[in-house]
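As numbered in this note's numbering, residues 387 to 696 make up the sequence shown, in order. By construction, the Cβ of each residue, glycine as well, lies at the ideal position given by its N, Cα and C atoms.
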Amino acid sequence: MEKKASRVAYGETLLELGKENPDIVVLDADLSGSTKTSLFAKEFPDRFFDMGIAEQNMITTAAGLATVGKIPFASSFAIFATGRAWEMLRQAVCLGNKNVKIVATHAGLTVGEDGATHQALEDIAVTRVLPNLTVIVPADYYETKSAIRFAAAYQGPVYIRLSRSATPVVFDENYEFTHKKAGILRKGKDVSIFACGVMVAEALQAAVRLEKDGINAEIINVSTLKPLDTETILKSVEKTGCAVTVEEHNIIGGLGSAVAETLSENHPAPLHRMGVIEKFGRSGKADDLLKAYHLTAEDVAKETMSFLKP
Numbered sequence: 387m388e389k390k391a392s393r394v395a396y397g398e399t400l401l402e403l404g405k406e407n408p409d410i411v412v413l414d415a416d417l418s419g420s421t422k423t424s425l426f427a428k429e430f431p432d433r434f435f436d437m438g439i440a441e442q443n444m445i446t447t448a449a450g451l452a453t454v455g456k457i458p459f460a461s462s463f464a465i466f467a468t469g470r471a472w473e474m475l476r477q478a479v480c481l482g483n484k485n486v487k488i489v490a491t492h493a494g495l496t497v498g499e500d501g502a503t504h505q506a507l508e509d510i511a512v513t514r515v516l517p518n519l520t521v522i523v524p525a526d527y528y529e530t531k532s533a534i535r536f537a538a539a540y541q542g543p544v545y546i547r548l549s550r551s552a553t554p555v556v557f558d559e560n561y562e563f564t565h566k567k568a569g570i571l572r573k574g575k576d577v578s579i580f581a582c583g584v585m586v587a588e589a590l591q592a593a594v595r596l597e598k599d600g601i602n603a604e605i606i607n608v609s610t611l612k613p614l615d616t617e618t619i620l621k622s623v624e625k626t627g628c629a630v631t632v633e634e635h636n637i638i639g640g641l642g643s644a645v646a647e648t649l650s651e652n653h654p655a656p657l658h659r660m661g662v663i664e665k666f667g668r669s670g671k672a673d674d675l676l677k678a679y680h681l682t683a684e685d686v687a688k689e690t691m692s693f694l695k696p
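If you want it as structure tokens, here you go:
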């Protein structure tokens with residue numbers, strides 16, 4: 387499969403939007419080369435603010451810019467944008483429902499060699515809990531481009547989680563992100579597999595493996611974690627009778643928790659959560675880390691088989 391990095395899609399789309407809308411401004415925390423906001427900075431130096439290694443100041447400054455009609459995009463690595471600056475995200479952005487877009491790169495295990503200190507495995511949990519904040523985890527390069535355009539047009543705070551590594555392309559240039567809607571990428575009748583981010587491609591490959599063993603899996607891309615598309619989730623599980631969630635994140639507070647909450651309140655059904663279980667990340671190549679944490683397509687197929695046929 388072709389591979390492209392979602393952070394590159396962000397940088398390219400931000401540059402396009404900058405040419406279209408003079409109210410868009412960009413802030414970064416001394417990582418513009420990595421987050422790809424450097425593309426915007428080169429073209430629009432008067433609308434780019436490098437805040438240094440001061441993520442808390444970056445978020446509060448973005449909130450201030452939003453109050454005077456600007457559309458600020460604030461970027462850093464996910465661990466810093468949502469961890470170090472969480473209180474500012476809560477107090478300055480979400481409490482007042484400010485029109486700030488936090489686009490964080492380098493999330494999840496696939497950060498790779500940077501290791502545990504830089505691998506955000508908790509960011510969905512700590513953002514999903516905040517009122518007014520929309521949380522989006524695009525599946526690939528093209529969904530990222532469309533989601534960034536959505537965020538720029540949307541009135542209200544948005545958190546978008548992106549990866550570092552080039553990952554398989556799932557969609558094409560004609561794809562359009564739909565807010566509040568999970569997408570059924572492959573219809574099935576035996577099990578519903580819900581995935582987000584880089585794990586969507588792994589889930590699709592797992593479905594091909596499962597088909598060879600006579601299991602027809604329905605694959606759903608849950609790119610909007612909040613607000614969650616409960617209707618699509620429930621309809622799928624009502625049809626298949628069981629579910630598996632797959633995420634490059636701690637299973638506590640992430641996609642698995644969101645689906646579990648929905649099912650337990652509306653349609654109790656067997657659920658198996660796949661993700662990082664009570665561990666931090668570690669240094670290594672992205673593909674090797676997915677293998678080490680049992681998050682490859684082969685692992686998804688194997689665990690789904692075991693779940694269905696204990």
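| DSSP beta-bridge partners of proline 554 | Numbered from its first residue, the sequence shown carries residue 554 at position 168. Answer is Lys389.
| query | To which residues of the same chain is leucine 675 closer than 6 Å at the C-beta, ignoring the five residues directly before and after it? | reply | Translated into positions along the sequence shown, residue 675 becomes position 289. For leucine 675, where only same-chain residues beyond five positions count, the Cβ hits under 6 Å are Leu495.
| field | Coil, strand or helix - alanine 589 by DSSP | value | Along the sequence shown, one-based indexing puts residue 589 at 203. Helix.
| field | Integer Cβ distance of alanine 678 from serine 549, believed to fall under 8 Å | value | For the purposes of this step, residue 678 is identified with residue 292 of the sequence shown, where counting begins at 1. For the purposes of this step, residue 549 is identified with residue 163 of the sequence shown, where counting begins at 1. Rounded, the Cβ-Cβ distance is 17 Å, inconsistent with contact.
| request: Go through its chain and collect everything with a Cβ distance to alanine 552's Cβ below 7 Å, but skip five positions before and after it. | output: What you label residue 552 is simply residue 166 of the sequence shown in a count that begins at 1. If we look at alanine 552 and ignore the five residues flanking it on each side, its Cβ neighbours are Lys389, Lys390 and Ala391.
| Exposed or buried, which one is lysine 373 when buried takes at least 16 other CB atoms within 10 Å? | The structure shown does not extend to residue 373, since the chain spans only 387 to 696, so no value can be given for it.
| query | Which word fits arginine 668, buried or exposed, when buried means at least 16 other C-beta atoms lie within 10 angstroms of its C-beta? | reply | On the sequence shown, position 282 is the one that residue 668 refers to. That one is exposed.
| Pairwise C-alpha distance: arginine 547 and leucine 481 | Position 95 of the sequence shown, counted from the first residue, corresponds to residue 481. Position 161 of the sequence shown, counted from the first residue, corresponds to residue 547. Near 21 Å, if we compare the C-alpha coordinates of arginine 547 and leucine 481.
| request: Pull up the distance between the alpha-carbon of alanine 415 and that of glycine 469, whole angstroms please. | output: On the sequence shown, residue 415 is found 29 positions in, with the first residue counted as 1. On the sequence shown, residue 469 is found 83 positions in, with the first residue counted as 1. Going from the Cα of alanine 415 to the Cα of glycine 469 covers about 14 Å.
| said: Helix, strand or coil for glycine 404? Go by DSSP, reduced to three states. | reply: Residue numbering aside, residue 404 sits at position 18 when the sequence shown is read from its first letter. Glycine 404 falls in the helix class under three-state DSSP.
| field | Straight-line gap, valine 411 to glycine 670 (C-alpha atoms, nearest Å) | value | To locate residue 411, count along the sequence shown from 1; it is residue 25. To locate residue 670, count along the sequence shown from 1; it is residue 284. Going by the C-alpha atoms only, they are around 35 Å apart.
| Where does proline 524 land, buried or exposed, given buried means 16+ other C-beta within 10 angstroms? | Taking the sequence shown and counting its residues from 1, the one referred to as residue 524 is at position 138. With 16 or more Cβ atoms within 10 Å of its Cβ, proline 524 is classed as buried.
| query | Going along the chain, which residues of its own chain have a beta-carbon closer than 7 Å to the beta-carbon of glycine 436, five neighbours each way excluded? | reply | Stepping through the sequence shown from its first residue, residue 436 is reached at position 50. It should be noted that the sequence gives aspartate, not glycine, for residue 436. If we look at aspartate 436 and ignore the five residues flanking it on each side, its Cβ neighbours are Asp414, Asp416 and Ser418.
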